[in-house]
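Heads up: the sequence shown begins at 73 in the working numbering, then just goes up one per residue.
Idealized CB from N, CA, C, for every residue including glycine.
Predicted model only: the values in this text are computed from it and were never measured.
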Amino acid sequence: MAPGSTLRSSQAGAGIRSFRPGTQGRRAQAPAPRRQAPWSKNSQEVGAVANLGVAIVRQYQRGVVFRFGKLRNVRNPGIRFMIPLADRMWKVTLRTVTMPIPSQQVITRDNVSIGVAAVAYFRRVDPVKSIVEIEDVSAAIGQIAQTTVRNVVGRSLLDQVLTDTETLNTRIKDILDGLTQRWGIYVLLVELKDIELPPTMQRAMARQAEAEREKRAKIIAAEGEALSADRLAEAADVISAHPVALQLRNLQILSEIAAEKNSTIVFPAQFLESARAVARFVEDETQHTAAALPARHPHHEPVTVGQTTVA
């Protein structure tokens with residue numbers, strides 16, 4: 073049998089199949105997809121209608137016309153007529169495009185690895201430059217945006233990235249706007265929308281925040297103690313001048329404690345005050361008794377005359 077000939081075999085209950093030597097193990101390859109224009113995401117070429125010389129440009133679009141491959145002009149919105157088979161039109165949208173910048177690992181200036189994701193908003197302001205000057209505007213802006221975010225964040229400290237994001241957003245926007253201006257693109261806004269920290273760094277920051285709050289609490293408590301000490305000193309001066317004020321204060325404390333009605337209170341202040349009052353009474357009586365007795369001269373002695381004693 074000659075090489076390259078076809079062998080046919082039959083099996084019970086099966087159809088006839090053909091086998092060609094050298095093709096075993098090969099899979100049928102699907103036809104390659106038709107290559108689209110690189111700017112087809114936000115620009116599109118007018119199809120068969122363009123061959124008839126008629127095209128409709130919408131309000132948010134501009135039509136860039138090529139005649140025999142050479143740039144002709146830009147058509148405004150409306151029904152536009154062209155030379156059949158000679159002119160080709162590309163529609164460019166002027167609406168704002170939202171481009172998410174995927175998260176990427178960035179090492180900050182203080183050697184902390186973080187994940188940063190952002191979002192960029194841009195629009196085409198020059199339809200001709202967005203087609204002629206660059207092949208794929210969206211891909212180019214996406215790549216340069218990722219590079220710019222990594223460079224700007226990498227030159228900043230972690231605290232600045234977390235607290236001063238507005239400055240970083242403005243810096244990234246200015247760099248992108250300067251680079252894409254030659255392509256007919258205007259960058260409206262760039263925002264850092266997600267910052268991922270390592271778990272160890274999150275725990276360290278949590279401990280730092282907790283310590284900071286404890287420090288503030290202690291400072292506030294110390295300031296309160298200082299103010300209360302001044303007020304207590306003033307109150308002590310008032311109470312020393314008016315002893316009854318201390319008794320009123322004791323009664324107020326008793327009323328506050330007795331509000332719960334769930335405990336027995338032994339308050340010795342009244343007993344101590346009564347003991348002091350008794351001591352003062354005894355002392356006063358002793359002084360009065362001593363004062364009532366007549367005073368005697370130390371060198372005067374009584375003289376006895378007969379049975380009568382004369383002092």
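Residue interval of the beta strand (DSSP E) (run including residue i)
i, result
"Thr170", "Val169 to Ile179"
"Thr189", "Note on identity: in this sequence residue 189 is Ala, with Thr being the wrong assignment. It spans Ser185 to Arg196 - the beta strand (DSSP E) in which Ala189 sits, taken as one unbroken run."
"Gln133", "Gln133 to Arg139"
C-alpha gap between residue i and residue j, whole angstroms
i, j, result
"Ala351", "Glu357", "10 Å"
"Asp309", "Glu297", "18 Å"
"Lys333", "Leu320", "21 Å"
"Gly119", "Gly214", "Confidence in Gly119 is poor, its pLDDT being 44 and thus under 50, which makes the residue's placement too unreliable to answer from."
"Ala158", "Ile257", "29 Å"
"Pro105", "Asp236", "Low confidence applies here, because Pro105 scores a pLDDT of 46, under 50, leaving its location unreliable; read the following figure in that light. Those two C-alpha atoms are separated by around 47 Å."
"Thr252", "Arg243", "14 Å"
"Arg160", "Val259", "29 Å"
"Val224", "Leu240", "7 Å"
"Ala109", "Thr272", "Its pLDDT being 43, under 50, Ala109 is placed unreliably by the model, and the measurement read from it follows with that caveat. Whole-angstrom Cα-Cα distance: 47 Å."
"Arg285", "Met277", "12 Å"
"Leu124", "Ala217", "41 Å"
"Asn322", "Ile311", "12 Å"
"Ala363", "Val354", "14 Å"
"Ala293", "Ser300", "10 Å"
"Arg147", "Pro270", "53 Å"
"Arg288", "Glu295", "11 Å"
"Leu326", "Glu268", "57 Å"
"Val262", "Val221", "10 Å"
"Thr361", "Arg348", "20 Å"
"Ala313", "Thr336", "32 Å"
"Ala317", "Lys290", "32 Å"
"Val178", "Gly226", "6 Å"
"Pro149", "Pro156", "19 Å"
"Glu328", "Asp302", "24 Å"
"Gln274", "Glu238", "22 Å"
"Ser175", "Ala190", "7 Å"
"Gln359", "Ala330", "42 Å"
"Leu304", "Thr180", "53 Å"
Endpoints, alpha helix (DSSP H) assigned at residue i
i, result
"Lys201", "Pro199 to Val204"
"Leu299", "Pro271 to Ala313"
"Gly54", "A query on residue 54 cannot be resolved here, the shown segment of the chain reaching from 73 to 383 and no further."
"Thr219", "Val209 to Gly226"
For residue i, the residue or residues it bridges with in DSSP
i, result
"Thr165", "Gln133"
"Asn145", "Val137"
"Glu268", "Gly187"
"Leu261", "Tyr193"
"Ala127", "Arg152"
"Arg160", "Phe138"
For residue i, the nearest candidate out of the options (CA to CA)
i, options, result
"Glu205", "Leu124, Leu143, Lys265 and Ile329", "Leu143"
"Arg254", "Ala330, Asp302 and Val200", "Val200"
"Ile173", "Lys265, Val146 and Glu286", "Lys265"
"Thr219", "Glu238, Val188 and Ser202", "Val188"
"Arg152", "Leu326, Gly135, Phe140 and Ile329", "Gly135"
"Asp198", "Thr180, Asn145 and Gln177", "Asn145"
"Phe138", "Gln176, Ser175, Ile203 and Pro149", "Ile203"
"Met154", "Thr180, Gln324 and Val126", "Val126"
C-beta neighbour in chain C for residue i, strict 7 Å
i, result
"Ile257", "Of the chains in the structure shown, none is chain C; there is only one protein chain."
Near the ligand PLP: residue i beta-carbon under 6 Å from a heavy atom
i, result
"Asn334", "As far as ligands go, the structure on display features none, and thus does not contain the ligand PLP."
Exercise for review: Would you be able to state if there are at least three C-beta pairs under 8 Å between the region 158-174 and the region 201-216?
Suggested key: yes
Review point. Taking three-plus beta-carbon pairs below 8 Å as touching, is the region 281-291 in contact with the region 217-231?
Key: no
**Study point:** the region 239-257 contacting the region 192-206, beta-carbon criterion three pairs below 8 Å
**Key:** With the cut-off at 8 Å, the region 239-257 and the region 192-206 touch.
Practice item. Decide yes or no for the touch test of the region 152-168 against the region 122-131: beta carbon pairs closer than 8 Å, at least 3 of them. Key: Because the criterion of three Cβ pairs below 8 Å is met, the region 152-168 and the region 122-131 touch.
Review point. Quick check: the region 216-230 against the region 178-188, are there 3 or more CB pairs under 8 Å?
Key: Enough Cβ pairs lie closer than 8 Å, so yes.
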